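The opening residue of the sequence shown carries number -11 in this note's numbering; numbering runs sequentially from there.
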Amino acid sequence: MTRENCPTACPCCRSSCSRRWWATIAPFIRAYAFEANNKAELVTSLIECVKCGHRYYQRSYNTEELNRLYAQYRGKNYFKSRRKWEPWYSRRLNEATMKPRLVTNRRSAVKAFVAPWLGSRSTALIVADVGGDAGQLIPLEIASRAYVVETSKQKAVEGVTRVDRLSEIDQKVDLVMCCHVLEHLSDPASLLSSIIKELELADGCLLYLEVPLERWRILPGMGSSLYKQYLIWISRSVPLLVLVDFLSMAFRSFFGFVSPPGFIKMHEHVNYFTESSLVSLCELVDLSVLEYKVERGSDLATHQGIIRLICRRTGDH
Ligand SMILES: [Zn+2]
């Protein structure tokens, strides 16, 4: 049974929601991102908006928590802390997402999706990738200048210039990319609003968004108070928690569902988008959606596919 009638507004369409289940807060997140007095928080709710299908957690990250989590992202301390709670997580596992073939395929897919919307400018664009790590997903064939907007000290790949803020770019940007960022933010609308504001999203500037598709089935029983008590109990035993966490993850990855005695875990991703919720998010900040596409199937076990979307400021042509 799921619980109903929560008062929280959906971050994408702002409607009130109607379904929720209990979820654990990853012990790694509690230890690494939360302040000392919040480390005792064990459970939260996963909420599903009935209007757009978006899933998100009731517990949101504040700015300090986001800074702690991402300032030294995947640095030495990050790995050390994470492996304590998730012994299967390794640099090798992380590097699997950065294999050259995989990155080349992902970059080609971005280019193929945006190409029909580029018109005559298709090879000399000013491109900016917000939160784009080293800028490895920017298709350089379409760019005369390419920037990655990153607050981390990640070194940019060849051909890409790293800047701290979009406003540092003193040229008219033609294409903004934002890939695999929105799912990390408790308020994704505020990032899109700041992109629009900071860039004064010039006439004709296109915005390309990419988020993972993570849509596992949730089997009955995870909304009951009894199940909440079970989660609190299991959260107090490290070996048991680690074991059930591993099994939950395996079931989710291979069979696409989560069920008691397994659990849903709030980790770095705090939004699980549907195509409808991503479109709603754009409309919320006054962006006009030109095209979107759901691609099922993934080279990574962590998600089931990708949602791509291209949009521009409402009123632009
Ligand atoms: Zn919604």
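Ideal placement from N, C-alpha and C gives every residue a C-beta, glycine not left out.
Just so you know, these numbers come straight off a predicted model, no measurement behind them.
Query - Backbone secondary structure at residue 157 - three-state DSSP - result: Working through the sequence shown from its first residue, we reach residue 157 at position 169. Residue 157 falls in the coil class under three-state DSSP.
Query - Simplified DSSP state of residue -7, which is helix, strand or coil - result: Your numbering for residue -7 matches position 5 in the sequence shown. Residue placement at residue -7 cannot be trusted, given a pLDDT of 49 that sits under 50; the coordinates are not used to answer.
Query raised in the report: DSSP beta-bridge partners for residue 7?
Result: As a position in the sequence shown, residue 7 is number 19, starting the count at 1. Residue 7 is bridged to 36.
Query raised in the report: What residues does ligand 1 have around it, judged by CB closer than 6 Å to any heavy atom, in chain order?
Result: -2, 0, 1, 3, 37, 39, 40, 42, 265 and 268
Query raised in the report: Is the segment 161 to 180 in contact with the segment 93 to 111, if contact means three or more CB pairs nearer than 8 Å?
Result: yes
Query - alpha helix (DSSP H) segments (min. 4 residues) lying fully within the segment 72 to 119 - result: 79 to 83 and 88 to 102
Report task. Could you check which residue in 4, 19, 46 and 16 has the C-alpha nearest to that of residue 174? Result -> Counting from one through the sequence shown, the residue named residue 174 turns up at place 186. That would be 46, whose Cα lies nearest to the Cα of residue 174.
Query raised in the report: Skipping 5 residues on each side, what residues in its chain have a beta carbon closer than 7 Å to that of residue 10?
Result: Stepping through the sequence shown from its first residue, residue 10 is reached at position 22. Contacts found: 31, 33, 210, 211, 215, 216 and 219.
Query raised in the report: So who's on the other strand from residue 283, going by DSSP bridges?
Result: Here residue 283 is taken as the residue at index 295 of the sequence shown, counted from 1. Note: residue 283 sits in a beta bridge opposite 294.
Query raised in the report: With distances taken from CA atoms, which of 231, 133 and 167 is nearest residue 307?
Result: Residue 307 lies beyond the stretch modelled for the chain, which goes from -11 to 305, so this question has no answer here.
Query raised in the report: For residue 123, does the count of other Cβ atoms within 10 angstroms reach 16, so buried, or fall short, so exposed?
Result: Here the question's residue 123 lines up with position 135 in the sequence shown. That one is buried.
Query raised in the report: Helix, strand or coil for residue 133 per DSSP?
Result: As a position in the sequence shown, residue 133 is number 145, starting the count at 1. It is a strand residue.
Query - CA-to-CA distance, residue 128 to residue 147, given in whole angstroms - result: Mapped onto the sequence shown, residue 147 falls at position 159. Mapped onto the sequence shown, residue 128 falls at position 140. Cα to Cα, the separation comes out at about 7 Å.
Report task. Tell me whether residue 45 sits in a helix, a strand or coil according to DSSP, three-state version. Result -> Residue numbering aside, residue 45 sits at position 57 when the sequence shown is read from its first letter. DSSP places residue 45 in strand when its eight states are reduced to three.
Query raised in the report: Based on Cα-Cα distance, which residue from 18, 37 and 22 lies nearest to residue -4?
Result: For the purposes of this step, residue -4 is taken as residue 8 along the sequence shown, with counting starting at 1. If we check each option's Cα against that of residue -4, 37 comes out closest.
Query - Cβ shell of residue 16 (< 7 Å), same chain only, five flanking positions each side left out - result: Here residue 16 refers to the residue found at position 28 when the sequence shown is read from its first residue. The beta carbon of residue 16 lies closer than 7 Å to those of 69, 70, 73 and 74 in the same chain, with the five residues before and after it left out.
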